[in-house]
Amino acid sequence: MRKMMKKATGNMKAAVKKAALLMKDTRGENYVDTAVKILIAVVLGALLLAGLYTLFGDVVMPTLTQRIQEMFNYAG
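Residue numbering for the sequence shown is 29 to 104, as defined by this note's numbering.
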C-alpha cells in the first residue's frame with residue numbers, strides 16, 4: 029500500500045511539475061498571432077485581386093477588344 033501511495037505521490041508531483049513548465053513555456057506561436065497573419069494575407073489577397081480586376085477591366089480588355097476588331101475589320 030505504501031509503495032502504491034509513493035508511486036501516486038510521485039506521479040502527482042511529476043504532473044504538477046510538467047504543468048508548471050507548460051505554463052512557463054513561451055516558445056511557439058499563439059492562436060491570435062496566427063489568426064492575425066491569416067487575416068492580413070486574406071486582406072492583401074483581396075486588394076491584389078481587386079487591383080488586377082480593375083486593371084483588366086479598364087485597361088487590358090478594351091485594348092484587346094479594339095485590337096481584335098481591327099484585326100478582323102476587312103473593310104479597311
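Positions of the beta carbon are idealized from the N, C-alpha and C atoms, including for glycine.
Treat the numbers as computed from the prediction; the structure is a model and nothing was measured.
Asked	Found
Rounded C-alpha distance that separates T37 from A63	40 Å
Which of helix, strand or coil DSSP assigns to N58	coil
Length of the line joining the Cα atoms of D61 and L67	10 Å
Under the three-state DSSP convention, the category M29 falls into	coil
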